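Residue numbers (the numbering used here): 50 to 211. Working notes, structure below.
Below, the structure is given as structure tokens:
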């Protein structure tokens, strides 16, 4: 958790990822579906800190969990999805994307075939004011931010305008 004068950043280590408890390969489908509850807990924490203009960036399976949370949380400021899928480990996105009406940015690598096809489909069915940006890369999820030129700047500019 990092609070600055203008922006606050909270990163979530989703269950089975990074340094969180559990191993990814030991998680059951319901554990993945419940990742939206991890996002909800983080969102509620930020609100308890009197932070109300909240945007979410989700990567890969985190993008799927993020859109499922955002579909139910109407006060979210905006949403960025990196390499979402139509379905990752039981977390489906088509129904949720149809319910989200806020600003939406989808970022994906053109050579990340499943995510690219999924992103195009989600963009087409999204009722929100959305933007799809694709890159000539196979980078997936957080790799788009870390290894793809221009992505960090686009995210920063997009958040500033949305």
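Beta carbons: idealized from backbone N, C-alpha and C, even for Gly. Small disclaimer: the values here were computed from a predicted structure and weren't measured.
Unbroken beta strand (DSSP E) run spanning residue 108, endpoints = 104-108 is the span of the beta strand (DSSP E), which, as asked, contains residue 108.
Quick one: what does DSSP say residue 57 is sitting in, helix, strand or coil?
-> strand
Roughly how many angstroms separate the alpha carbons of residue 123 and residue 176, rounded to a whole number?
-> 14 Å
Out of curiosity, what's the CA-to-CA distance linking residue 164 and residue 100?
-> 32 Å
Please report the residue range of the alpha helix (DSSP H) in which residue 209 lies.
-> 200-210
Buried or exposed by the 16-neighbour rule on C-beta atoms within 10 Å, applied to residue 198 = Residue 198 is exposed by the Cβ-count criterion.
Hey, residue 142 and residue 188 are a contact pair by Cβ (cut 8 Å); roughly how many whole angstroms apart?
-> Between residue 142 and residue 188 a beta carbon distance of about 20 Å is seen, past the 8 Å cut, so the two are scored as non-contacting.
State the beta-bridge partners of residue 182 as determined by DSSP.
-> According to DSSP, which records beta bridges pairwise, residue 182 is partnered with 156.
What are the boundary residues of the beta strand (DSSP E) that includes residue 127?
-> 127-131
Whole-angstrom Cβ separation of residue 185 and residue 159, contact assumed at under 8 Å?
-> About 6 Å separates the beta carbons of residue 185 and residue 159, which is inside the 8 Å limit, making them a contact pair.
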